[in-house]
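To start, the structure itself, in structure tokens.
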Amino acid sequence: MSLMSAFFAVIRRDLILAFRRRAEIANPLFFFVLVVSLFPLGVGANPKLLQIMAPGVIWVSALLAVMLSLDSLFRSDFDDGSLEQLLLSPHPLTILVMAKIIAHWLVTGVPLLVVAPLLAIFLGLPEQALGTLFLTLVLATPVLSLIGSIGVSLTVGLRRGGMIISLLVLPLYVPVLIFASNAVEMAGNGLSVDPQINILIAIFFMSAVLAPLPAAAALKMSVN
Amino acid sequence: MDNIVSQNAVFEVKNIACIRDDRVLFEGLNFKLINHQILLLEGKNGSGKTSLLRIICGFREQDTGELYWCGNIIKESSYYSDMAYVGHLDGIKKELTVLENLKMSLSLSQAGKYSIGAALDKVHLSGYDDTLVQSLSAGQKRRLSLARLLITKNTLWILDEPFTSIDKEGITLVESLMHEHIVAGGMIILTSHHDLNLHELDVQKINLS
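Line by line, the protein sequences give chains A and B. End of the first sequence sits at 236 in this note's numbering; the numbers just go up one at a time, nothing left out. End of the second sequence sits at 454 in this note's numbering; the numbers just go up one at a time, nothing left out.
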């Protein structure tokens, strides 16, 4: 019971903090909207071309936007000593880390769920692909937060970890990118997307179970 | 009060060493702490006081030796539900209010001797409940992080320079809190450059230089 209350307390605290540092949440979302809306300017306003590129553009931008926000996952906790207190809690760190990842997803992933379909319409993605786009985002944005947590917890002790995070995390993001954008593209052509969705579900469950463990272990090392 | 502090608790350190960049900070260090005792770590700057405290907290791996809580290795004992640490970093979120910060500490641990209201009263912060921590002074923040010791269940306090940025009145206050904790059967391990005014208490001293 008290583990549950600690779990929800961590989520609640991180949500309150996110609400009080609004700029930090708005930044990745703003970045996402900006990148997607710059594409038509860069490649020309050819509707056919934009329609073909839409799944890839949206997914690459979403992935980069989440990566931009990863540092905030543990940075402030590390700097002000809250992380030390988290480590000293009698509760298992893995569970508390999971709570922080969930809070991170609620703050960065969920706004993307809302904005991405709008931008997809703006790029001319076929209507029948919108449902699939939303589904891939629901399944894969948590994966981005989960896998990202490993990268951040490894680099939070370094003063300038930004570049290293992307090197660590991007290769692990690639499967998500391939299957998610491919699913959206197939759906746009009216084909079945079950295999891609099944693989994304598998990736989701695997990272939900496996990511918090190394993240917690890496945090212990970083605090050293 | 008795159910808050574990009686018959023993904290024991056997033959630990700390090596940092080829420098041996200390080695073959042994001590034992029981209820009602204080351990004061002394030594020059850089002599390894903070490193020792971080080893005691389990943040840092010792290079040799082992730490025991009530006869068990600390990682296999109830150690973490019996200790509290206040270090150089306050562990307080400046965007949260005083109350929100203490509630968070409370939900990460078990309830202790004092309620949040009573603890704030103790550290002279009553009336600041809904103040954001970023508008508190350095000394007030310090007292807030010490309030954490009062609201959670613990036997062993680990304090790294608890008197930093606290005024004279605050020092007397902290000393009286420490006194109360020791009389109730608690244990304290601390480093301090300030001369402690803790007569009639059982104070062990270890000099690391």
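Yeah, the Cβ is synthetic: ideal placement off N, Cα and C, and Gly gets one too. Keep in mind it's a predicted model, so treat the numbers as computed, not measured.
Opening and closing residue of the beta strand (DSSP E) in which residue i lies
{"i": "residue 273 of chain B", "result": "268–279"}
{"i": "residue 325 of chain B", "result": "Careful: residue 325 of chain B lies outside any beta strand (DSSP E) and carries neither H nor E."}
{"i": "residue 313 of chain B", "result": "309–314"}
{"i": "residue 451 of chain B", "result": "447–452"}
{"i": "residue 256 of chain B", "result": "255–265"}
{"i": "residue 283 of chain B", "result": "282–287"}
{"i": "residue 85 of chain A", "result": "No beta strand (DSSP E) holds residue 85 of chain A; DSSP gives it neither H nor E."}
{"i": "residue 120 of chain A", "result": "First-last for residue 120 of chain A: undefined, no H or E at that position."}
{"i": "residue 397 of chain B", "result": "Unbroken run through residue 397 of chain B: none, as it is neither H nor E."}
{"i": "residue 212 of chain A", "result": "Taken as a continuous stretch (DSSP letters only), residue 212 of chain A belongs to no beta strand (DSSP E), being part of the alpha helix (DSSP H) at 206–222."}
{"i": "residue 401 of chain B", "result": "401–405"}
{"i": "residue 179 of chain A", "result": "Looking at the DSSP string, residue 179 of chain A is not in any beta strand (DSSP E); the run it does join, the alpha helix (DSSP H), is 174–200."}
{"i": "residue 435 of chain B", "result": "432–436"}
Sequence-distant residues of its chain with Cβ nearer than 7 Å to residue i (five each side left out)
{"i": "residue 337 of chain B", "result": "346, 378, 386, 389 and 390"}
{"i": "residue 442 of chain B", "result": "420"}
{"i": "residue 103 of chain A", "result": "15 and 18"}
{"i": "residue 288 of chain B", "result": "294, 452, 453 and 454"}
{"i": "residue 84 of chain A", "result": "36"}
Residue j beta carbon less than 8 Å from that of residue i
{"i": "residue 301 of chain B", "j": "residue 311 of chain B", "result": "no"}
{"i": "residue 120 of chain A", "j": "residue 187 of chain A", "result": "no"}
{"i": "residue 262 of chain B", "j": "residue 309 of chain B", "result": "yes"}
{"i": "residue 344 of chain B", "j": "residue 374 of chain B", "result": "yes"}
{"i": "residue 329 of chain B", "j": "residue 436 of chain B", "result": "no"}
{"i": "residue 165 of chain A", "j": "residue 231 of chain A", "result": "yes"}
{"i": "residue 92 of chain A", "j": "residue 395 of chain B", "result": "no"}
{"i": "residue 203 of chain A", "j": "residue 135 of chain A", "result": "no"}
{"i": "residue 132 of chain A", "j": "residue 142 of chain A", "result": "yes"}
{"i": "residue 181 of chain A", "j": "residue 160 of chain A", "result": "yes"}
{"i": "residue 446 of chain B", "j": "residue 292 of chain B", "result": "no"}
{"i": "residue 405 of chain B", "j": "residue 332 of chain B", "result": "yes"}
{"i": "residue 430 of chain B", "j": "residue 281 of chain B", "result": "yes"}
{"i": "residue 53 of chain A", "j": "residue 340 of chain B", "result": "no"}
{"i": "residue 23 of chain A", "j": "residue 115 of chain A", "result": "yes"}
{"i": "residue 403 of chain B", "j": "residue 286 of chain B", "result": "no"}
{"i": "residue 118 of chain A", "j": "residue 46 of chain A", "result": "no"}
{"i": "residue 51 of chain A", "j": "residue 80 of chain A", "result": "no"}
{"i": "residue 189 of chain A", "j": "residue 76 of chain A", "result": "no"}
Cβ-Cβ separation, residue j to residue i (assumed contact under 8 Å), whole Å
{"i": "residue 296 of chain B", "j": "residue 278 of chain B", "result": "The Cβ separation is near 18 Å, so there is no contact."}
{"i": "residue 195 of chain A", "j": "residue 140 of chain A", "result": "Not confirmed; about 12 Å, so no contact."}
{"i": "residue 400 of chain B", "j": "residue 327 of chain B", "result": "5 Å"}
{"i": "residue 158 of chain A", "j": "residue 113 of chain A", "result": "6 Å"}
{"i": "residue 433 of chain B", "j": "residue 423 of chain B", "result": "6 Å"}
{"i": "residue 129 of chain A", "j": "residue 147 of chain A", "result": "Wrong, their Cβ atoms sit about 11 Å apart, outside the cutoff."}
{"i": "residue 170 of chain A", "j": "residue 162 of chain A", "result": "With 8 Å as the limit, residue 170 of chain A and residue 162 of chain A do not qualify as a contact, their Cβ atoms being about 15 Å apart."}
{"i": "residue 235 of chain A", "j": "residue 304 of chain B", "result": "5 Å"}
{"i": "residue 368 of chain B", "j": "residue 383 of chain B", "result": "About 14 Å separates the two Cβ atoms, so there is no contact after all."}
{"i": "residue 408 of chain B", "j": "residue 439 of chain B", "result": "4 Å"}
{"i": "residue 87 of chain A", "j": "residue 168 of chain A", "result": "6 Å"}
{"i": "residue 260 of chain B", "j": "residue 273 of chain B", "result": "6 Å"}
Residues of its chain near residue i, where Cβ-Cβ distance is below 8 Å and the 5 sequence neighbours each way are ignored
{"i": "residue 276 of chain B", "result": "257, 258, 284, 449 and 451"}
{"i": "residue 216 of chain A", "result": "151, 152, 154 and 155"}
{"i": "residue 48 of chain A", "result": "69, 70, 73, 131, 134 and 135"}
{"i": "residue 360 of chain B", "result": "396"}
Chain-order list of residues whose beta-carbon lies under 6 Å from that of residue i (same chain, five-residue window excluded)
{"i": "residue 68 of chain A", "result": "193"}
{"i": "residue 255 of chain B", "result": "279 and 315"}
{"i": "residue 89 of chain A", "result": "95"}
{"i": "residue 197 of chain A", "result": "67"}
{"i": "residue 313 of chain B", "result": "257"}
Boundaries (first-last residue) of the alpha helix (DSSP H) holding residue i
{"i": "residue 71 of chain A", "result": "59–81"}
{"i": "residue 295 of chain B", "result": "294–302"}
{"i": "residue 337 of chain B", "result": "Note, residue 337 of chain B: premise wrong, no alpha helix (DSSP H); not H, not E."}
{"i": "residue 153 of chain A", "result": "139–167"}
{"i": "residue 417 of chain B", "result": "413–428"}
{"i": "residue 344 of chain B", "result": "343–353"}
{"i": "residue 366 of chain B", "result": "361–367"}
{"i": "residue 26 of chain A", "result": "14–32"}
{"i": "residue 95 of chain A", "result": "94–100"}
- [ ] Give a yes or no on contact between the segment 103–122 of chain A and the segment 218–236 of chain A, applying the rule of three or more CB pairs nearer than 8 Å.
- [x] Taking a cut-off of 8 Å for Cβ pairs, the segment 103–122 of chain A and the segment 218–236 of chain A touch, as three or more such pairs fall below it.
Task: Three-pair Cβ contact test at 8 Å for the segment 59–77 of chain A versus the segment 90–108 of chain A - done: Taking 8 Å as the limit for Cβ pairs, the verdict is that the segment 90–108 of chain A does not touch the segment 59–77 of chain A.
TODO: Could you say if the segment 47–59 of chain A and the segment 353–362 of chain B meet the contact criterion of at least three C-beta pairs nearer than 8 Å?
DONE: No: the two stretches stay apart, fewer than three of their Cβ pairs being nearer than 8 Å.
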